[in-house]
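Structure first, commentary second.
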Amino acid sequence: MRVLFTTFAARSHLYAQVPLAWALRAAGHDVRIASQPDLADDIIRTGLTAVPVGEPLNQAEDAAVVDDRAWDRTEAEANPYAVDLATWPELLDIAETAPQRLTPEHTQGVFAAYAPLLFRYFSWQMTDDLVRYARDWRPDLVLWDPLTFAGPVAALAGGAAHARMLFGLDLVGWMRGHHLAAQAGRPAPLRDDPMSEWLGWTLAEYGLDFTEEAVTGQWTIDPVPGSLALPTGGLRVPMRYVPYNGPSVVPSWVHEPPARPRVCVTLGVSQQEVFGRDRASVAEIIAAVAALDVEVVATLNAAQVAALGAPLPTNVRVVDFVPLDALLPSCAAVISHGGAGTFQTALAHGVPQILVPDMIWDTARKAQRLEAAGAGLRITDVDRFSAAELRALLARVLDEPSFARRAARLRDEMLAAPAPSDLVPTLERLTALHRRPRVMAVR
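In terms of the numbering used here, the sequence shown opens at residue 104 and continues consecutively.
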C-alpha cells in the first residue's frame, strides 16, 4: 500500500504517528508524512520521507499576535462583546462532559468557534497542495491527525481510505456526537452545524460533497486505554501506545538506581515553543519538591531556570531534555502539564502522575479521568496553586501504594492493546474495504 500520514506542523503530533508509520514501513508499505514546511526537518530526523505542503504555519509568530491582543480589562469594560483571544477555548470547552452543560447552544458555539479559528488555521494553507499531492501520488490510505482536516479532504479527493489517528482523548468525536444529537432534537429551522458548513465549503472547492466521515474519519485509531477514553460512536481501533521521544542520547545517570524516590518534573515543549512561557508557575513546582526527601529530575530550559530567580535546591537535577521513555521507568512519580506524549508515556510505564494541566485541548479532562481512575492527582486551579498544595499531592502519591497499583493497572491495559506492528493487517483489511475511485479534479 501507499500510506500518507498528515499532521499540522507540531512536533508532538508528529511523534504520535511515528511508531505506526515505521510499523507500516517495516511491513513493506510505502509511507510518507505530509505537513507544512516547518515540520519537514523533524520528519526527516525520524528516518521517514517528508512531503512539505503549503506555507509554513509559524505558530509561535501567530501566538505572539494572540498574546498581544489577549484580554484587556479596559476593553472588556468598555465593550461587553470583546473577545478574549487567549482564553476563549476554556469558555467554549470542547472537552465539556457535564450533561447539564452539553446544551445545543454550547455544542453549536464550540463548533462555531473551533471550525474557523482553530481547525481552519491548522489546515487552510496546506489543503490545496495536499489535495494535489493525493491526486498525483494516489495513496491507498491516509492517516490524519484529528485536528488536521486537510487530511480527509485530500483522502476524499484522491479516493483513498482514511482514518483519524488520535494523540489523546477524542474531543472532536465526543463533542460531535453530542452536537448531532442536540441538533436532531431541534426544529429544522433552528438547526445549525458550523462544522458541516465549513467543511462543506472546503470540499466543494474540489468537487466533493460533505460527508460525516470528513469530521471523524472512516475509522479511528486510538492509543488511549479504553477505561480512560471518552465514549464516542464509529469504529474505534485500539492501538498500544509506543513512546517515541525523537532522536536522543540517554545519559548514563538515568540507569543508576536512585538513592531516594525519583520524581520527574516536566512541562513539555509545546507551551514554550509556541507561547514562549508556561501556564503553571515553575517556581511553585520547584518549591513544592524542594522540601521532600526525593530526587528530582526537572526538564527545564535556560529561560525557565533563569525565571526562577533563586538557586536550585540541592535535590533537583536540571536537564534541558531527556527521553522520558528512558527516564520514567526509574521514577516513582511524574509532575507534568498533561501533554499527550508525557501523559501516555507515564501510562505506558505505570508511573503515578500529578497533573498541573496547561488547559490546552484535553489536559484538564485527562487530569479528571486519571484522578477518577486512582492513578494520580491533579491541581484544579493551575493559575493559583501553591507549593504547599502541590507538595501535599506529591506526598500522597508517594506514600499511598494504591496510586502505584492503579497506575500499573492502566499500564497493563495499555500493553494488552495491539502493538503498531500487530495493527498492520487490520489496516490492510480496512483499506481494501473503504478505498474508492478518485474524484476528478475540478480546479
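Just so it is clear, CB atoms sit at the ideal spot from N, CA and C, and this is done for glycine as well.
- Taking a contact to require three or more Cβ pairs closer than 8 Å, the stretch 435-449 and the stretch 465-481 qualify as touching.
- Annotation: the continuous beta strand (DSSP E) that includes Val368 extends over 365-369.
- Around Ala362, the same chain offers Glu398 as residues with beta carbons nearer than 8 Å, after the five sequence neighbours per side are excluded.
- Per DSSP, Met517 is one residue of the alpha helix (DSSP H) stretching across 504-518.
- Annotated three-state conformation of His282 is helix, per DSSP.
- Using a Cβ-Cβ distance cut-off of 8 Å, the stretch 218-238 and the stretch 296-314 are in contact, since at least three pairs of beta carbons, one from each stretch, lie closer than that value.
- In the displayed model, Pro528 falls within a helix according to three-state DSSP.
- In terms of Cβ geometry, Gln228 and Leu160 form a close pair [threshold 9 Å].
- In the three-state reduction of the DSSP assignment, Gly444 falls in the helix class, which pools H, G and I.
- In the three-state reduction of the DSSP assignment, Gln471 falls in the helix class.
- Rounded to the nearest whole angstrom, the C-alpha separation of Pro354 and Leu430 is 9 Å.
- Annotation note: the stretch 312-350 contains the following uninterrupted beta strand (DSSP E) runs of length 3 or greater, listed N- to C-terminal: 323-325, 339-341.
- Met104 sits in coil when the DSSP states are folded into three classes, being neither helix nor strand.
- Non-local C-beta neighbours of Ala130 in its own chain, meaning closer than 8 Å and more than five positions away in sequence, comprise Ser524, Val527, ordered along the chain.
- Leaving aside the five residues that flank Leu117 on each side, the residues in its chain whose CB is nearer than 8 Å to its CB run, in chain order, Thr110, Ile136, Ser138, Leu142, Asp145, Ile146, Thr149.
- Within the same chain, Cβ atoms closer than 6 Å to the Cβ of Arg539 are found at Gly262, the five residues on either side in sequence being excluded.
- Setting aside the 5 residues that flank it on each side, Arg487 has no residue in the same chain whose C-beta is closer than 7 Å to its C-beta.
- With contacts defined by Cβ atoms closer than 9 Å, Ala470 and Gly479 form a contacting pair.
- Gln139: not part of any alpha helix (DSSP H); DSSP gives it neither H nor E.
- Annotation for Leu536: Ala264 place their beta carbon closer than 8 Å to its own, counting only its chain and skipping 5 residues before and after.
- Put simply, the backbone Cα of Val392 is about 26 Å away from that of Pro346.
- Counting along the chain, Pro155 sits inside the beta strand (DSSP E) bounded by residues 152-155.
- Short of 6 Å from the beta carbon of Thr152, and not among the five residues preceding or following it, lie these beta carbons of its own chain, in chain order: Arg135.
- Between Ala253 and Leu513, the alpha-carbon positions lie close to 33 Å from each other.
- A direct Cα-to-Cα measurement between Thr251 and Leu395 gives close to 43 Å.
- Gln456 is bridged by DSSP to Val437, Gly479.
- Beta-bridge pairing by DSSP links Met268 to Ile324.
- In the structure shown, Leu496 adopts helical secondary structure according to DSSP, grouped into three states.
- By the Cβ rule, the stretch 231-242 does not count as touching the stretch 280-293, because fewer than three pairs are nearer than 8 Å.
- The Cβ atoms of Ala405 and Asp423 sit closer than 9 Å to each other.
- For secondary structure counted as the alpha helix (DSSP H) over 4 or more consecutive residues, the stretch 237-261 holds these complete runs in sequence order: 253-261.
- Within a 10 Å sphere around the beta-carbon of Gly412 sit fewer than 16 other beta-carbons, which makes this residue exposed.
- The alpha-carbon of Ala519 is positioned some 16 Å away from that of Ala449.
- Nearest in C-alpha terms to His281, of all of Pro504, Arg532, Ala198, is Ala198.
- Contact between Ala266 and Leu246 holds: their C-beta atoms lie close to 6 Å from each other, under 8 Å.
- In this structure, the CA atom of Glu158 is about 10 Å from the CA atom of Ala112.
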